[in-house]
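**Q**
Number of protein chains: 2
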Amino acid sequence: MLDRFLVPEKDRVFVESEKMRRATIEIFEKCGQSPADAALSADVLMTSDLRGCESHGVSNQLRVYVQMYGDREINPTPNVRVTRETDVTANLDGDEGLGLHVLPKAMELAIEKAEKHGMGAVTVHNSRHIGMLAYHSMMALEHDMIGLTTTAGNPMSMVPTHAGEKMFATNPWAWAAPARNEAPFVFDIATTQVAGNKLYLAQRVGAPMEPAWVADAEGTPIMESAQLPDEYMSLPFGGTREQGSHKGYGFAATCEILSTILSGMGPGFLMPKTPRPLMGHYVQAIKIDGFTDPDQFKDDMDRFLGGLRNAKPAPGHDRVVYAGLPEAEEVEIRQHEGIPYHREVIEWFESIKAELGLGFELV
Amino acid sequence: MLDRFLVPEKDRVFVESEKMRRATIEIFEKCGQSPADAALSADVLMTSDLRGCESHGVSNQLRVYVQMYGDREINPTPNVRVTRETDVTANLDGDEGLGLHVLPKAMELAIEKAEKHGMGAVTVHNSRHIGMLAYHSMMALEHDMIGLTTTAGNPMSMVPTHAGEKMFATNPWAWAAPARNEAPFVFDIATTQVAGNKLYLAQRVGAPMEPAWVADAEGTPIMESAQLPDEYMSLPFGGTREQGSHKGYGFAATCEILSTILSGMGPGFLMPKTPRPLMGHYVQAIKIDGFTDPDQFKDDMDRFLGGLRNAKPAPGHDRVVYAGLPEAEEVEIRQHEGIPYHREVIEWFESIKAELGLGFELV
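Those sequence lines, one after another, are chains B and A.
Going by our numbering, the first sequence opens with residue 18, and the numbers climb by one from there.
Going by our numbering, the second sequence opens with residue 18, and the numbers climb by one from there.
#1: Which term fits A:Met383, buried or exposed, when burial requires 16 or more other beta carbons within 10 angstroms of its beta carbon?
#2: By a C-beta neighbour count over all protein chains shown, 10 Å radius and 16 as the cutoff for buried, is A:His359 buried or exposed?
#3: Have a look at the DSSP bridge pairing and note the partners of A:Gly137.
#4: At 4 residues or longer, what runs of the alpha helix (DSSP H) sit wholly inside the stretch 309-351 of chain A?
#5: With H, G and I counted as helix, E and B as strand and the rest as coil, what does DSSP make of A:Asp28?
#6: Is A:Asn96 close to chain B? Criterion is C-beta to C-beta, closer than 8 Å.
#7: Using three-state DSSP, classify B:Thr277 as helix, strand or coil.
#8: Which bits of chain A does B:Ser72 rub up against, with CB to CB less than 9 Å?
#9: Assuming contact is defined by CB atoms lying nearer than 8 Å, are A:Glu354 and A:Phe45 in contact in what I supplied?
#10: Could you check whether A:Ile274 and B:Ile163 sit closer than 8 Å to each other, using their CB atoms as the reference points?
#11: For the beta strand (DSSP E) that A:Met162 lies in, which residues bound it at each end?
#12: I'd like to check one pair, B:Pro311 with B:Ile303: are the Cβ atoms closer than 8 Å?
#13: What residue range is occupied by the uninterrupted alpha helix (DSSP H) comprising B:His153?
#14: Alpha carbon to alpha carbon, how far is A:Gly148 from A:Glu346? Give it in angstroms, no decimals.
#15: For B:Tyr249, which of helix, strand or coil comes out of DSSP?
#16: Under DSSP, the beta strand (DSSP E) around A:Glu102 begins and ends at which residues?
#17: What residues of chain A sit near B:Arg320, judged by a beta carbon separation below 8 Å?
#18: Answer yes if the stretch 60-74 of chain B comes into contact with the stretch 207-224 of chain B, meaning at least three C-beta pairs across the two stretches below 8 Å, and no otherwise.
#19: My understanding is that B:His153 touches B:Met296, with C-beta atoms under 8 Å, so please give their C-beta distance in whole angstroms.
#20: Could you compute how far the alpha carbon of B:Leu218 sits from the alpha carbon of A:Thr106?
#21: Could you check the C-alpha separation between B:Val338 and A:Met173 for me, to the nearest Å?
#22: Have a look at the DSSP bridge pairing and note the partners of B:Ala371.
#23: In the DSSP assignment, find the alpha helix (DSSP H) that holds A:Thr41 and state where it starts and stops.
#24: Taking only three categories from DSSP, how would you classify A:His179?
#25: Using 8 Å as the limit for Cβ to Cβ distance, is A:Asn188 near chain B?
#26: How about the stretch 248-261 of chain B and the stretch 229-239 of chain B: do they share at least three Cβ pairs that are nearer than 8 Å?
#27: A:Gly116 by DSSP, collapsed to three states: which one?
#28: Restricting to Cα atoms, I'd like to know which of B:His142, B:Thr64, B:Lys133, B:Asp88 is closest to B:Glu100.
#29: I'd like to check one pair, B:Leu109 with B:Val61: are the Cβ atoms closer than 8 Å?
#30: When the Cα atoms are used, what is the spatial distance from B:Gln244 to B:Phe366?
#31: What does A:Ser368 reach in chain B if we use C-beta pairs closer than 9 Å?
#32: In chain order, what residues of the stretch 325-348 of chain B put their CB closer than 7 Å to some CB of chain A?
#33: Whole-angstrom Cβ separation of A:Gly382 and A:Tyr86, contact assumed at under 8 Å?
#34: What residues from chain A crowd round B:Trp192, counting only those whose CB sits closer than 7 Å?
#35: For a contact defined as C-beta to C-beta under 7 Å, what are the partners of B:Val105 on chain A?
#36: Should A:Glu344 go down as buried or exposed, given a rule of 16 or more other Cβ atoms within 10 Å for buried?
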């Protein structure tokens, strides 16, 4: 992440990841999730926080989930079932359960199919937020598979190139591929210029926007560096047409096709407009052994990722990284030093602990 | 395409597509291709030119192919064979044949596997240039499937974010998905800011670059609007890190993993550095019926694409388009009016006709 999204030093409270994990499990169980689902849901959020992807960890989303469970907008005990299936494909009804624990079941099924046949893909409809996409794609790694995850909901974020209204969510993609000794390749991005959660995070830390990060309420890209305005629409990555926003728009549309249309929900912009939409997902597992020798693949990945990591840097930069490398480094640091949360986040945990009568201790 | 890439009006020569197709078939046959392969190769190039994607039509690439056949760098009669196979995956040895006619065979195999099992994916190694990716992805459409194509070669184009050397080709992606009455969704893009062929085309028509389209020879993004310098490196889409170049870089790396590493060739930047590299490809066909009812899917696609097409435009714009719509409109126009080529292209055809002793007539 860009530095501007980091919690300012004066506001940082370090918490051991296992303490935060236990607190999060307690909260999910209180919301009605089974112990297994609560542990899985917490694992998705803690994996985000350990990887330095705090935009998708406990800071932003957990309070939203708690409110949605309170409003009975998420089904705490969904009956996830297969509605269509072939040798290598399936469509699941998520029964309005939280994607954090619903989607890993879909990826498990995709992996099982890939193990037998070489590849597997599963869509999910009527589901909810899945957290950091990388978590689900990374499930494929230990099986010597490449993982893909994409997800879409309703049109609360992105204005297409040259349009004057929102038509998409942030429609993110995540690919993961294993290596032998190098940190695995894990590429997880929103098709907006900036992930929605990072915009909220920037508002919290008072960070300025870059030109062409968002459009005004009419759809015109804001080309000044400024604070986030009250009313805005996220631009597709690229920002302006001249800088390739049609590419962000196109990947967003492809995500929509795989996630909501292929899963049978129809396009998000025709669903009821709510900040808490039902979502569709698409996961795919590609078994390396179906194409080439997995040992050769992992050796080649080491040569590939090592080559990128050791590439000559441009003037003013001290190194080149690849997707997944800084995150793997951050895990090492945070497992020892704890995770730096904004004190406002810790205050929320204390208040919800009192409100729900829980017993966890963060410090 | 942006207007600046169009052939200037004063230099335009209109040619009927069928005349250009016959000329192109004659040239490919003279290069040693079988009549069937020559017809297929010409179809890929003419489909580009009809769709208004002249960067990938006969104007730029055909002369390169002819030279490569003359230098025996392309095998005119490749023995394309399966080197690994499962129910839904395969890896093909392209035997150094031209990707224009090798890759359709890979996509046919992917479609056949998807027809039986719900999905199919095929990699190709030791192949050559495949032309416009959309052609191959679009092969899936008539089978009620979604098509994906991606391809990589050696590092002649893209400098990764913050790097000071080229590590990638233009590493493009193309997705295609069918609709019922709307023009199909066809999304075909380079992961560089601008496709390599479009940079050559811009040089031919003398069009200026936008800021952050390319980096200088050290890797620093050129932020002025200027003519293309002699020495440059293409930036990943996004351009600068602040504008999301790590997204273009990540999709380029994913392309490399699927195309060259999964096909067993190893990363392109470790292959011999030549402007005429061997290439790896990845194609995938996704059978809609494996996830949802294809009739419902196509109706939903009409509602989706129609909704985008009829979205409110931003101030200063008269309409919103989706990927594949302008290209479908261009086909209608060019089938009637002919294809506008730069007169320099027509001169090349006349000279190659004389050189190879061919009989075609363009006008």
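Don't be surprised by glycine CBs; every beta carbon is placed ideally from N, CA and C.
**A** Considering the structure as presented:
#1: Since the displayed chain A opens at 18 and closes at 380, residue 383 of chain A lies outside it and no answer follows.
#2: With 16 or more other Cβ atoms from the protein chains shown falling within 10 Å of its own Cβ, A:His359 counts as buried.
#3: Within the DSSP secondary-structure output, A:Gly137 pairs in a beta bridge with A:Ala302.
#4: Listed in chain order, they are 311-326.
#5: A:Asp28 carries a helical assignment under DSSP once its states are collapsed to helix, strand and coil.
#6: Not one chain B Cβ lies under 8 Å of A:Asn96.
#7: Secondary structure of B:Thr277 (DSSP, three-state): helix.
#8: Neighbours of B:Ser72 on chain A: none; closest Cβ ~15 Å, over 9 Å.
#9: Not closer than 8 Å, so no.
#10: With respect to A:Ile274, B:Ile163 sits close: the two C-beta atoms are nearer than 8 Å.
#11: Looking at the DSSP string, the run of the beta strand (DSSP E) that includes A:Met162 is 162-169.
#12: The answer is no: Cβ separation not under 8 Å.
#13: Residues 150-155.
#14: If I take the Cα positions, the gap works out to 21 Å.
#15: Judged by DSSP in its simplified three-state form, B:Tyr249 adopts coil rather than helix or strand.
#16: Counting along the chain, the beta strand (DSSP E) containing A:Glu102 begins and ends at 98-102.
#17: In chain order: Gly283, Pro284, Leu287.
#18: A contact exists between the stretch 207-224 of chain B and the stretch 60-74 of chain B.
#19: That pair is no contact at about 13 Å.
#20: Approximately 42 Å, taken between the alpha carbons.
#21: Going from the Cα of B:Val338 to the Cα of A:Met173 covers about 20 Å.
#22: Answer is none; B:Ala371 lacks a bridge partner.
#23: Its alpha helix (DSSP H) spans residues 34-47.
#24: The answer is coil: DSSP assigns A:His179 none of H, G, I, E or B.
#25: Cβ-Cβ to chain B under 8 Å: no for A:Asn188.
#26: Enough Cβ pairs lie closer than 8 Å, so yes.
#27: Here A:Gly116 sits in helix by DSSP.
#28: With the sequence shown as reference, residue 100 of chain B is identified as Thr, and Glu is not the correct amino acid for it. Considering only alpha carbons, the answer is B:His142.
#29: Not a contact, by the Cβ cut-off of 8 Å.
#30: Spanning the two alpha carbons is a distance of roughly 28 Å.
#31: Those do not exist, as A:Ser368 stays about 36 Å from chain B at its closest Cβ, beyond 9 Å.
#32: From the stretch 325-348 of chain B, only Leu325, Ala328, Lys329, Pro330, Ala331, Pro332, His334, Val337, Tyr339, Ala340 have a Cβ closer than 7 Å to chain A.
#33: Residue 382 of chain A lies beyond the residue range present for chain A, which begins at 18 and ends at 380; the question has no answer from this structure.
#34: Near B:Trp192 (Cβ distances below 7 Å), the residues of chain A are Thr271.
#35: Ordered by position in chain A, the residues that pass the 7 Å Cβ test against B:Val105 are Val105, His134, Gly135, Met136.
#36: Around the CB of A:Glu344, 16 or more other CB atoms lie within 10 Å, so the residue is classed as buried.
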